[in-house]
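Student: The opening position of the sequence shown corresponds to residue 588 in this note's numbering, with each subsequent residue numbered one higher. Glycine residues also receive a C-beta, built at the ideal position from the N, C-alpha and C atoms. What you are looking at is a predicted structure, and each value in this text was computed from that prediction instead of being measured. Quick one: the structure is below, and I'll ask about it shortly.
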Amino acid sequence: MNLSVKQLRAFAALREHKNFTQAAQTCHLSQSAFSALIQNLEADAGVRLFDRNTRHVELTPEGEAFAESALRLLADFEATFSELRDRAAARTGRVTVAALPSIAAGILPGVLATFSAEHPGIQLALHDQLSDSCIDMVRRGAADFAIAAMGADMAGLAAQPFCTDDFHLVCHQEHPLSRKPALAVGDLVDTPFIHLARNTSIRQYLDAALHPTKLRSGMEVEHLATAAALVAANLGITVIPALALFQFRLPELVVRPLPLPGLVRTLYVIRRDGRSLSVAAQGLLDLLLAHPARAAAPRPMHQRILAAFDGTHEAHLAVEEAAALARAFNGRVRVVWAIGSPTMPESREIYSVDKLREEAHRTASASLVELQRQFDADGTLAETGVLMLDATDDDIGNALELEAERWQADTIVVGSQGKHGLARLLLGSVAERTTRLSHRTVVVATLEAWHAMLESGNMDDLDRLFADEVVFRSPVAHTPYPGRTATTLVLRTVNTVFEDFQYHRSFVTSDGASVVLEFSANVSGKALKGIDMVRFNAEGKIVEFEVMVRPASGLQALGAAMGAKLGDKLALLKAEA
């Protein structure tokens, strides 16, 4: 029996009006269509539900028995559908958010109040937890989304950058550091330090950024309010991210910016991968993403540089390039040796996989110790580590990508053959164009100049970055544009077309001759992502600048905006060349 809601509504209308004509009008049907509904219902039931005569219609005993259940079913359906409509319009429902205490007590109350005023029928629940607990709540479905730091295990979860958070020194107003003109890492060593617990994201970011500097431990506490009270009593100093400083607004305290390399915390919106949020949850998230805290200036590039190492000559070049970038940009290097599935010896001797991996770990650890000595000797801020993959895992590239996310690397240095793979990883298959050069310092200088021009918006000296033979490869043109004049014109123009442009991370070949810069921007209301693939000559001048963009909607918007700005200028330059 295929009972439909339409039949139930027809049955209820005829029961109420006891007249086919009036009941059909109530259901907005012709009398013939209405009569067919009732006849089909009775045929499916196998019994007459109404007695008909020339004056009116009455329920049969079977119809009376059916009426109670039918009306209840219809009422349940109407209530369920009404609730669904309310949810779709964000009039009813429940949204649960998990967030770090600094976010839960700082940004969220105002956002929740605004949302609640606009949607009074939505129940809101907030859980202030440490990052690991936030992530666990999302994974279990106990929270719709979370605002937290990235966890070690993000399987099944999607993470969207929410904001970056700079750190500040907090000390008593009578402490000598409150009056020191400029602060450095060494200033933190000789005074008691009030630590937060090791399982907090603040402590984890701070330990990673200050390594191998050893601080003079004072006390370790769980809560920010306790840390503030201890510092106010002049029992020590502490370092706190900007989003948590509202808890340190005490008259005895002084807050100082602490511009140390790599000392920045990135927080993420974390949700279950592949699962849609409810309308209400998405509405709250959209409101949260519009919060001014997200408009903080992006941190400089090349502050956290990840390099892979495996003892080969190519890997040594990559590490040297990473160290050169760190010293040039006042950044920090992390060198990792990834160990996956071992290569079995060609001899017939039986080898234990575990023993081979143990031997690989010993070799890696010894090599990394030696690298750390070299870093310490030349003044490079650096740390090293071994990544032990599963014994059957050969995907070292994926492991390095995950490590870059975990450590919040903004630059990854790879071997010269790696540009192809990284570009393919970001945007699909890309032809490899790598030239081995050794003049890294001039390349660094060019990169510094390019970033400075983007930050200031002043492109007057842009053409000095290019070699005479430079070629620009556009994502919206089939043929390249040769020469400094065309390349300069395009890049100056695109800088006026892009809105909210920001580089997120970069990939540098071990010889320093090629750089891939990953970016995002908006054009005419369309969001896009892309990469700038830049190649340098021995003098550090740019000889090739190629741009790739996705998705297609963003690419079309970019093409239209550039066409409107440039008109036929580029075609004339190409013809002249």
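1. Taking the runs of the beta strand (DSSP E) that are 3 residues or longer, which of them lie wholly in the stretch 678 to 755?
2. Quick one: give me the first and last residue of the beta strand (DSSP E) that Ala1114 is part of.
3. Per DSSP, what kind of secondary structure is Asn1045 in: helix, strand or coil?
4. What three-state label does DSSP hand Arg635 in the structure shown?
5. Within 8 Å, do at least three Cβ pairs link the stretch 826 to 846 to the stretch 726 to 744?
6. Taking the alpha helix (DSSP H) that His604 belongs to, which residues open and close that run?
7. Check whether the stretch 722 to 729 touches the stretch 806 to 817, taking contact to mean three or more Cβ pairs, one atom from each stretch, closer than 8 Å.
8. So is Phe962 buried or exposed if we call it buried at 16+ other beta carbons inside 10 Å?
9. Near Thr647, which residues of its chain fall below 8 Å by C-beta distance, leaving aside the five closest residues on each side in sequence?
10. Decide if Thr667 is buried, meaning its Cβ has at least 16 other Cβ atoms within 10 Å, or exposed.
11. Taking only the alpha-carbon atoms, compute the straight-line gap between Asp1048 and Phe754 and give it to the nearest angstrom.
12. Evaluate contact between the stretch 854 to 874 and the stretch 773 to 781, counting only Cβ atoms and requiring at least three cross-stretch pairs below 8 Å.
13. DSSP beta-bridge partners for Gln1089?
14. Do you know how far the Cα of Ala1036 is from the Cα of Asn1045?
15. Near Cys721, what residues of its chain come up, given a Cβ to Cβ distance below 6 Å and the 5 sequence neighbours on each side ignored?
16. Could you please give me the residues that DSSP links to Cys758 through a beta bridge?
17. Does Gly1127 come out as helix, strand or coil in the three-state DSSP assignment?
18. If we count the other Cβ atoms within 10 Å of its Cβ and call it buried at 16 or more, is Ala1144 buried or exposed?
19. Are Ala1114 and Gly1141 touching if we call contact CB-CB under 8 Å?
20. Going by C-alpha distance, which of Lys801, Thr787, Ala795, Leu797 is nearest Val808?
21. How is Leu1012 classed by DSSP in three states: helix, strand or coil?
22. Mapping DSSP to helix, strand and coil, what is Glu1056?
23. Please go through the same chain and pick out, in chain order, the residues whose beta-carbon is closer than 7 Å to the beta-carbon of Pro779, but skip the five residues on each side of it.
24. On the premise that Ile926 lies in contact with Ala1171, defined as a C-beta separation below 8 Å, what is that separation, rounded to the nearest angstrom?
25. Should Val1121 and Ile1129 be called a contact, given that it needs their Cβ atoms to be closer than 8 Å?
Tutor: Once the coordinates are examined:
1. Runs of the beta strand (DSSP E) lying entirely within the stretch 678 to 755 and spanning at least 3 residues, in chain order: 680 to 686, 709 to 715, 732 to 735.
2. Counting along the chain, the beta strand (DSSP E) containing Ala1114 begins and ends at 1113 to 1123.
3. Here Asn1045 sits in coil by DSSP.
4. If DSSP states are grouped into helix, strand and coil, Arg635 belongs with coil.
5. No: the two stretches stay apart, fewer than three of their Cβ pairs being nearer than 8 Å.
6. First-last of the alpha helix (DSSP H) with His604: 592 to 604.
7. No: the two stretches stay apart, fewer than three of their Cβ pairs being nearer than 8 Å.
8. In this structure Phe962 is buried. Its beta-carbon is surrounded by 16 or more other beta-carbon atoms within 10 angstroms.
9. Sequence-distant Cβ neighbours of Thr647 in its own chain, meaning closer than 8 Å and more than five residues away, are Val634, Arg635, Leu636, Phe637, Asp638.
10. Counting the other CB atoms within 10 Å of its CB gives Thr667 a total below 16, which places it among the exposed residues.
11. Approximately 34 Å, taken between the alpha carbons.
12. In the pairwise beta carbon analysis, the stretch 854 to 874 is classified as not touching the stretch 773 to 781: fewer than three pairs are separated by under 8 Å.
13. Looking at the DSSP output, Gln1089 shares a beta bridge with Ser1107.
14. The straight-line gap from Cα to Cα measures roughly 11 Å.
15. The beta carbon of Cys721 lies closer than 6 Å to those of Ala685, Ala733, Ala735 in the same chain, with the five residues before and after it left out.
16. Among the bridge pairs identified by DSSP, Cys758 is matched with Val841.
17. When secondary structure is reduced to three states using DSSP, Gly1127 falls in the coil class, being assigned neither helix nor strand.
18. Ala1144 should be labelled buried.
19. Cβ atoms of Ala1114 and Gly1141: closer than 8 Å.
20. The residue with the shortest Cα to Cα distance from Val808 is Thr787.
21. The predicted model places Leu1012 with a pLDDT of 33, which falls under 50 and marks its position as unreliable; any figure quoted below should be read in that light. In the three-state reduction of the DSSP assignment, Leu1012 falls in the helix class, which pools H, G and I.
22. Strand, per DSSP.
23. Closer than 7 Å at Cβ, skipping near neighbours: Arg803, Gly805, Leu822, Gly823.
24. Past the boundaries of the shown model lies residue 1171; the chain is included only from 588 to 1164, so the question cannot be answered.
25. Going by beta carbons, Val1121 and Ile1129 fall inside the 8 Å limit.
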